[in-house]
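S.K.:
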Amino acid sequence: MGEESTNRPEAAPTPEEPPRLQRLSRPRDVTAVCLLLLLVLAGFYTLYFAREFLLPIALGWMISLVLKPCVRALEAIDIPTPVGALITLLAALGILVSTFYFLTEPATKWVRQAPENMQRIEEKVRALAKPAEKVRRAAEEVEKLTEMGEQPTTKVQVKDSSLVNSMVVHTKGAFIMALETFVFVYFLLAAGDVFLLKLIQALPKLRDKKRAVEIAKETQQQISGYLFALTLLNIFEGTAVGIGMWLIGMPNPLLWGVMAALVNYIPYIGAMVGIAVVTMVGFVTFDTVGQSLAPAAVYLSINFIDNFIAPYFMGKRLTLNPVMVFLSLMFWGWLWGIVGVLLAVPLLMTIKVFCDHIPPIAAIGEFLAGQREPDAPQKPTGAPLIASA
Numbered sequence: 000m001g002e003e004s005t006n007r008p009e010a011a012p013t014p015e016e017p018p019r020l021q022r023l024s025r026p027r028d029v030t031a032v033c034l035l036l037l038l039v040l041a042g043f044y045t046l047y048f049a050r051e052f053l054l055p056i057a058l059g060w061m062i063s064l065v066l067k068p069c070v071r072a073l074e075a076i077d078i079p080t081p082v083g084a085l086i087t088l089l090a091a092l093g094i095l096v097s098t099f100y101f102l103t104e105p106a107t108k109w110v111r112q113a114p115e116n117m118q119r120i121e122e123k124v125r126a127l128a129k130p131a132e133k134v135r136r137a138a139e140e141v142e143k144l145t146e147m148g149e150q151p152t153t154k155v156q157v158k159d160s161s162l163v164n165s166m167v168v169h170t171k172g173a174f175i176m177a178l179e180t181f182v183f184v185y186f187l188l189a190a191g192d193v194f195l196l197k198l199i200q201a202l203p204k205l206r207d208k209k210r211a212v213e214i215a216k217e218t219q220q221q222i223s224g225y226l227f228a229l230t231l232l233n234i235f236e237g238t239a240v241g242i243g244m245w246l247i248g249m250p251n252p253l254l255w256g257v258m259a260a261l262v263n264y265i266p267y268i269g270a271m272v273g274i275a276v277v278t279m280v281g282f283v284t285f286d287t288v289g290q291s292l293a294p295a296a297v298y299l300s301i302n303f304i305d306n307f308i309a310p311y312f313m314g315k316r317l318t319l320n321p322v323m324v325f326l327s328l329m330f331w332g333w334l335w336g337i338v339g340v341l342l343a344v345p346l347l348m349t350i351k352v353f354c355d356h357i358p359p360i361a362a363i364g365e366f367l368a369g370q371r372e373p374d375a376p377q378k379p380t381g382a383p384l385i386a387s388a
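Residue 54 in numbering that gives the first Met the number 0 sits at position 55 of the sequence shown; the count goes up by one each step and never skips.
(1) Alpha carbon to alpha carbon, how far is residue 340 from residue 224?
(2) In whole angstroms, what is the alpha-carbon distance linking residue 83 and residue 184?
(3) Put residue 75 into one of helix, strand or coil per three-state DSSP.
(4) Assign residue 424 to one of three DSSP states: helix, strand, or coil.
(5) Based on the DSSP output, what are the partners of residue 319 in its beta bridges?
(6) Under the three-state reduction of DSSP, which class applies to residue 49: helix, strand or coil?
(7) Compute the distance between the beta-carbons of residue 261 and residue 70, then report whether it is under 8 Å.
(8) To the nearest angstrom, how far is it from the Cα of residue 170 to the Cα of residue 287?
(9) Going straight from the alpha carbon of residue 277 to that of residue 58, what length do you get?
(10) Does DSSP put residue 214 in a helix, a strand or coil?
(11) Using the beta-carbon count (16 or more within 10 Å), is residue 207 buried or exposed?
(12) Suppose you measure from the CA of residue 160 to the CA of residue 358; what does that come to, to the nearest Å?
(13) Which residues in the same chain as residue 65 place their Cβ atom closer than 7 Å to its Cβ, once the five residues preceding and following it in sequence are excluded?
(14) Express the C-alpha separation of residue 272 and residue 157 in angstroms, rounding to a whole number.
(15) Who are the Cβ neighbours of residue 368 in its own chain at under 6 Å, not counting the five residues just before and after it?
(16) Can you tell me where the alpha helix (DSSP H) holding residue 353 begins and where it ends?
(17) Assuming residue 460 and residue 195 are in contact, meaning their beta carbons sit under 8 Å apart, how far apart are those beta carbons, in whole angstroms?
(18) List, from N- to C-terminal side, the alpha helix (DSSP H) runs of 4 residues or more that fit wholly inside the region 170-258.
(19) Please tell me whether residue 102 and residue 254 are closer than 8 Å, where the distance is taken between their beta carbons.
(20) Could you pull out every residue in the same chain whose Cβ sits closer than 7 Å to the Cβ of residue 250, ignoring the five residues on either side in sequence?
(21) Of the residues 247, 304, 348 and 257, which one's Cα is nearest the Cα of residue 293?
(22) With H, G and I counted as helix, E and B as strand and the rest as coil, what does DSSP make of residue 298?
(23) Just mark residue 365 as buried or exposed, buried being the case when its beta carbon has 16 or more other beta carbons within 10 Å.
(24) Looking at the structure shown, is residue 267 part of a helix, part of a strand, or coil, going by DSSP?
(25) Using the three-state DSSP reduction, which class does residue 287 fall into: helix, strand or coil?
(26) From residue 221 to residue 233, what distance separates their C-alpha atoms?
(27) I need the straight-line Cα distance from residue 172 to residue 85, nearest angstrom please.
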């Protein structure tokens, strides 16, 4: 009896205790999460420290998507793919070099006159903000007192030397990256669909082959369509800004038109940069405050119109979450600089396409997507017509 009484509590354990213990301590799940975090950190580390290798690849891939329709158009008239790729690439390079050639002189002139122009801007801003002038003078007096015992001559020499060395290093690095990108774009265009065919042959299952083809085609269509529509918008905005600057008497209106077209490739940030630049030029060029603010007003008005007509050009091409677009700009700009900012939206679109076609991570693609179509019938826009065309 004593043995039975002692064994009864052990023979009837509560059935919920083992599952509770499993829920509280899951070593396998914790290990998996830790490994995933380490994998993400290793990915960030690789993207940052391998940027000199990865930047030409990413930039060349994006440029090849833009130029590939031209190569296929030349293939349609029986021009071999390598020859068509060379013709397309040389034509694009010629347009780029010609544009920079015509804009080098006015741009260099503005850079050379930057110290004098900044002084004139400071004088005009000082007239608008006289109370702040007293604060600035007090700050200058404090700065002079703190630097009284230092040797400014030695500091200036060190800064100039480091600036020159930095410019030489960055110029050399930019030239090497441009050359690598040029060669890589040519090989991508000349190869045609070889990489896709090799990938299809390497995949064992028919389902995986179909999925690879769908991802490749949709990625190319989305990014090519987005960049083509964005280029049309940028040409419109650049032309309008150039004409507007010419009408109000701004010097070198062609320079500001091209600048507006280029910076508009960067969502959100590009417009702010353009407005800031033309505002500073307006303060340098004109005498009165009203005339000085006229370039900014013209630029802002044209940008507002551009944002209004953008849905008619874009249609369904770009359906991304605006918050994620801005975060992508911040992330890739922090990681790869100005080139990363230019690549932020195409890379985000590529990630979304991959997520949409892979069921385990389809929720991420849904999170990256913008507003869905059910709200569209309430808005009388032409986007559905363009999307269906």
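Using N, Cα and C, we set each Cβ at its ideal position, and we do this for glycine too.
Since this is a predicted model, take the numbers as computed values, not measurements.
M.R.: Answer, in terms of the structure:
(1) Taking the straight line from one Cα to the other gives about 19 Å.
(2) When rounded, the distance between both Cα atoms is 13 Å.
(3) Here residue 75 sits in coil by DSSP.
(4) This structure gives no information on residue 424, because the portion of the chain shown stretches from 0 to 388.
(5) Residue pairing from DSSP places residue 319 in a beta bridge opposite 368.
(6) DSSP places residue 49 in the coil class of the three-state scheme, outside both helix and strand.
(7) It is not a contact, given that the beta carbons lie outside the stated cut-off.
(8) In this structure, the CA atom of residue 170 is about 39 Å from the CA atom of residue 287.
(9) Looking at the two C-alpha atoms, the distance is approximately 29 Å.
(10) Correct three-state label for residue 214: helix.
(11) It is exposed - the Cβ of residue 207 has fewer than 16 other Cβ atoms within 10 Å.
(12) Caution applies to residue 160, whose pLDDT of 48 falls short of 50 and renders its modelled position unreliable; the value that the coordinates give is listed next. Cα-Cα distance, rounded: 55 Å.
(13) Within the same chain, residue 65 has close Cβ partners 223 and 226.
(14) In this prediction, residue 157 scores a pLDDT of 45, lower than 50, which makes its location untrustworthy; no coordinate-derived value is stated.
(15) Same-chain partners within the cutoff: 318.
(16) For residue 353, the enclosing alpha helix (DSSP H) stretches over residues 337-356.
(17) Limits of the chain in this structure are 0 at one end and 388 at the other, which puts residue 460 out of reach.
(18) Runs of the alpha helix (DSSP H) spanning 4 or more residues and lying entirely within the region 170-258 occur at 193-201 and 205-246, in chain order.
(19) In this structure, residue 254 lies closer than 8 Å to residue 102 by Cβ.
(20) Here the set comprises 284.
(21) Between residue 293 and the set 247, 304, 348 and 257, the nearest pair of CA atoms involves 247.
(22) Note: residue 298 maps to helix in three-state DSSP.
(23) By the Cβ neighbour-count rule, residue 365 is exposed, with fewer than 16 other Cβ atoms within 10 Å of its own.
(24) The three-state secondary structure of residue 267, taken from DSSP, is coil.
(25) Three-state DSSP puts residue 287 in coil, outside helix and strand.
(26) So the two alpha carbons sit approximately 18 Å from each other.
(27) A direct Cα-Cα distance of roughly 24 Å separates residue 172 from residue 85.
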